[in-house]
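Peer 1: Pasting in a structure now, in structure tokens, and then I'll have a few things to ask.
Pasting the structure below:
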């Protein structure tokens with residue numbers, strides 16, 4: 002697939018989502034995109050596929066920040082297959098009604114609104130359906146700080162700061178953080194019986 006094929010086959014629809022960064026700030030964003038699950042169905046996944054692995058663009062010439070050595074590039078993220086097929090998980094091609102700017106993840110990125118922002122991987126160049134849980138970049142760098150699931154959860158603090166409250170961009174005072182970023186009615190059933198503290 003190239004981006005022109007994707008944009009033609011999957012017209013963007015607007016989704017206004019809450020976005021919660023793991024660093025305790027948040028904002029409301031009008032994304033334009035389409036359901037990730039609809040795209041994945043084009044690959045006709047079999048029962049072998051338990052996870053989706055996402056890989057980002059690695060181009061230090063175009064993205065000089067990748068030269069710093071802070072992270073191992075390319076950036077890798079993953080979702081469980083049932084998470085990826087959930088209708089709230091979208092592939093984004095637009096932001097504020099225009100094509101996604103480079104700094105926000107052009108030409109295509111992910112938005113998973115019930116998870117911390119680092120799961121919404123930018124500038125995707127490859128997706129793989131895999132059997133084993135992917136080794137996500139932040140898990141590799143700091144496994145005690147960043148888990149695979151990264152569901153927004155006020156009861157599970159980051160080791161260096163509280164997740165109980167967040168600062169919405171444009172607001173003076175902090176507000177309480179909502180479990181699953183307020184999308185619990187839609188997604189809580191994905192994690193029935195799971196220990197959300199253990200699988201953070």
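Numbering (the numbering used here), first residue to last: 2 to 201.
All C-beta atoms in this analysis are idealised placements derived from N, C-alpha and C, irrespective of residue type, glycine included.
None of the values given here were measured: they were computed from a predicted structure.
How is the alpha helix (DSSP H) around residue 85 delimited, first residue to last?
Peer 2: Position 84 of the chain shown, counted from the start, is the residue given in the question as residue 85. Residue 85 -> alpha helix (DSSP H) spans 82-85.
Peer 1: Look up residue 92 in the DSSP assignment and give the residues it is bridged to.
Peer 2: Taking the first residue of the chain shown as 1, we reach residue 92 at position 91. Answer is 35 and 111.
Peer 1: Any idea if residue 188 is buried or exposed, counting beta-carbon neighbours within 10 angstroms, 16 or more meaning buried?
Peer 2: By one-based count along the chain shown, residue 188 stands at place 187. Its Cβ being crowded by 16 or more others within 10 Å, residue 188 is buried.
Peer 1: Could you spell out the range, first to last residue, of the beta strand (DSSP E) harbouring residue 56?
Peer 2: Reading the chain shown from its first residue, position 55 is the one you call residue 56. Run containing residue 56: 52-57, per the beta strand (DSSP E) assignment.
Peer 1: Spell out the partners DSSP gives residue 106 in its beta bridges.
Peer 2: By one-based count along the chain shown, residue 106 stands at place 105. Residue 106 is not bridged to any residue.
Peer 1: Which value, in whole angstroms, describes the spacing of the CA atoms of residue 186 and residue 116?
Peer 2: Looking up residue 186 in the chain shown gives position 185. Looking up residue 116 in the chain shown gives position 115. C-alpha separation (whole angstroms): 14 Å.
Peer 1: Can you give me the start and stop residues for the beta strand (DSSP E) that residue 188 sits inside?
Peer 2: Numbered from 1 along the chain shown, position 187 holds the residue referred to as residue 188. From DSSP, residue 188 is part of no beta strand (DSSP E) but of the alpha helix (DSSP H) over 185-188.
Peer 1: Confirm, please, whether the CB-CB distance from residue 92 to residue 111 is below 8 Å.
Peer 2: By one-based count along the chain shown, residue 111 stands at place 110. By one-based count along the chain shown, residue 92 stands at place 91. It is a contact, given that the beta carbons lie within the stated cut-off.
Peer 1: By the three-class DSSP mapping on this structure, what secondary structure does residue 134 have?
Peer 2: Position 133 of the chain shown holds residue 134. Coil at residue 134, not helix or strand.
Peer 1: Under the three-state reduction of DSSP, which class applies to residue 23: helix, strand or coil?
Peer 2: Here residue 23 refers to the residue found at position 22 when the chain shown is read from its first residue. Coil at residue 23, not helix or strand.
Peer 1: If I follow the unbroken alpha helix (DSSP H) through residue 6, where does it start and stop?
Peer 2: Looking up residue 6 in the chain shown gives position 5. Run containing residue 6: 4-10, per the alpha helix (DSSP H) assignment.
Peer 1: By Cβ distance, which residues of its chain are closer than 7 Å to residue 139, with the 5 residues on each side in sequence left out?
Peer 2: Looking up residue 139 in the chain shown gives position 138. Around residue 139: 119 and 147.
Peer 1: Is the beta carbon of residue 49 closer than 8 Å to that of residue 13?
Peer 2: Looking up residue 13 in the chain shown gives position 12. Looking up residue 49 in the chain shown gives position 48. Going by C-beta atoms, residue 13 is not nearer than 8 Å to residue 49.
Peer 1: Note down the Cα distance separating residue 128 from residue 166, rounded to an integer number of angstroms.
Peer 2: Here residue 128 corresponds to residue number 127 of the chain shown, with the count starting at 1. Here residue 166 corresponds to residue number 165 of the chain shown, with the count starting at 1. Roughly 33 Å separates the two Cα atoms.
Peer 1: Leaving out the 5 sequence neighbours to the left and right, which residues in its chain are closer than 6 Å to residue 131 when beta-carbon positions are compared?
Peer 2: By 1-based counting over the chain shown, the position of residue 131 is 130. 52 and 54, listed in sequence order.
Peer 1: Evaluate residue 78 with the Cβ neighbour count: other Cβ atoms within 10 Å of its Cβ, from every protein chain shown; 16 or more gives buried, anything less gives exposed.
Peer 2: Within the chain shown, the letter at position 77 stands for residue 78. The residue is buried, with at least 16 neighbouring Cβ atoms inside 10 Å.
Peer 1: Candidates 5, 27, 6 and 31: which alpha carbon is nearest residue 17's?
Peer 2: Reading the chain shown from its first residue, position 16 is the one you call residue 17. Considering only alpha carbons, the answer is 31.
Peer 1: Under 8 Å between the Cβ atoms of residue 61 and residue 141?
Peer 2: On the chain shown, residue 61 is found 60 positions in, with the first residue counted as 1. On the chain shown, residue 141 is found 140 positions in, with the first residue counted as 1. No; because the gap between Cβ atoms is not below 8 Å, this pair is not in contact.
Peer 1: Going by DSSP in three states, residue 17 sits in which element: helix, strand or coil?
Peer 2: Residue 17 sits at position 16 when you count from the first residue of the chain shown. DSSP places residue 17 in strand when its eight states are reduced to three.
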